[in-house]
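Per our numbering, residue 1074 is the first one in the sequence shown, and the count goes up by one each step.
Glycine included, every Cβ here is placed at the ideal spot set by N, Cα and C.
Because the structure is a prediction, the values reported are computed rather than measured.
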Amino acid sequence: IAARRESLFEASAAAESRRRETADALVAAERAVEASTKELRAMEASLADAREARARREGIVEQVAQATAALVARIQERLSCRPEDTLAVAEVDPGQALPEKSQMQMRVDRLVRERDTMGPVNLRAEIEANEIEEKLGNIRSEREDLIAAIARLRQGIAGLNREGRERLMEAFKTVDEHFQRLFARLFGGGRAHLALTGSDDPLEAGLEIMASPPGKKLQTLTLLSGGEQALTALSLLFAVFLSNPAPVCVLDEVDAPLDDANVDRFCMLLTDIAAETHTRFVLITHHRLTMARMDRLFGVTMAERGVSQLVSVDLEAAEALRATG
């Protein structure tokens, strides 16, 4: 029993020693756990701070992105270019230092004032410019067509003027020849001719009648007497008529200013022209000699007051009837 007791004491001492060692290890472990817990708490606090800082930075980054997008949109709206092209728009060399902000602000203010003086911006300016450009193109095309048409028209007018001058000179020559012959016949001599005055161009020139009755100098028509003017005018009238005869010709009181001798010459000329051109002449006259030389007479008589009656006399038939009687 003493030996066993001794061994038990020894075992108890060893167990106590091991207990003390284990207790010391437990204390050390508890201290390590406490330190680790403090460190974990500190790290968790740091992590929370880091997360908060990250959230703040993400918010800042998002704000910066929004501000950048707004700035890009503003640059695009006001300058119509990308941000990297703003230096070229501002006429600043990329290799040089940026000008002072005050100088740039002064320049911006000046440009803004100049823009304001130009008036409000027309948002449809580009569309209207395209429409005006299209209209301008059509107008230019029409202008070219008009120029070509004017050129053709001028060529046509030049050709017509040239042909008109030729025809006019031919007609003028023919009328002048008939006028000279008829004037000498009506006046029993003398001479006369037509002359173009005022311009070398026949289409723009005036017409002058030069007449020289027997025993008088060559002079213009206005210097002749009334009867001479009437005979000269008849000469010109019949000269034109002979150049371009018509089936019917009406003469109204053309023999009124003529004396009997000139009326006789006029009637003889009228008879010859009627036989030459086969033209029927209708004369309105009160001269007895003229009525006596006509083939048929038409008149109006008033047998009763207020009652008019048409009278017709066939002089050729009357002469034939008289010859037979």
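Asked: Neighbour flag for Cys1340 against chain B, beta carbons, 7 Å; Found: The question asks about chain B, but that chain is absent: this structure has only one protein chain.
Asked: Strand pairing of Met1283, partner residues [DSSP]; Found: His1266 and Thr1293
Asked: DSSP state of Leu1383 mapped onto helix, strand, coil; Found: strand
Asked: Beta-carbon spacing of Phe1252, Ala1312 below 7 Å; Found: yes
Asked: Cβ distance (whole Å) where Val1323 is taken to contact Val1355 below 8 Å; Found: 5 Å
Asked: Pairwise C-alpha distance: Arg1124 and Ala1098; Found: 38 Å
Asked: Closest Cα partner of Arg1366 within the set Val1327, Asp1337 and Ile1357; Found: Asp1337
Asked: Contact check, Leu1294 vs Ile1282, beta carbons under 7 Å; Found: yes
Asked: Residue range of the unbroken alpha helix (DSSP H) whose run includes Thr1190; Found: Lys1174 to Thr1190
Asked: Candidates Asn1335, Leu1383, Ile1346 and Glu1349, of which the one nearest His1360 by Cα; Found: Asn1335
Asked: CB of Ala1019 within 7 Å of CB of Pro1286, strictly; Found: What the structure shows of the chain is the stretch from 1074 to 1398, and residue 1019 is not part of that stretch, so it cannot be assessed.
Asked: Identified DSSP bridge partners for Arg1353; Found: Val1321
Asked: First and last residue of the uninterrupted alpha helix (DSSP H) at Gly1237; Found: Ala1198 to Phe1260
Asked: Among Val1321, Thr1358, Arg1258 and Arg1238, the one whose alpha carbon lies nearest that of Leu1309; Found: Arg1258
Asked: Pair within 7 Å by beta-carbon distance, Phe1339 and Asp1328; Found: yes
Asked: Rounded straight-line distance, which links the Cα of Leu1291 to that of His1266; Found: 10 Å
Asked: Contact belief for Ala1284 with Thr1305 at Cβ below 8 Å, rounded distance in angstroms; Found: 5 Å
Asked: Assigned exposure category for Thr1159 - 16 Cβ within 10 Å defines buried; Found: exposed
Asked: CB contact flag (Pro1275, Arg1227, <7 Å); Found: no
Asked: Inter-residue spacing [alpha-carbon to alpha-carbon] between Asn1234 and Asn1317; Found: 21 Å
Asked: Whether Val1162 touches Leu1171 by CB criterion (7 Å); Found: no
Asked: Continuous alpha helix (DSSP H) assignments of at least 4 residues falling wholly in the region 1100-1188; Found: 1159-1162
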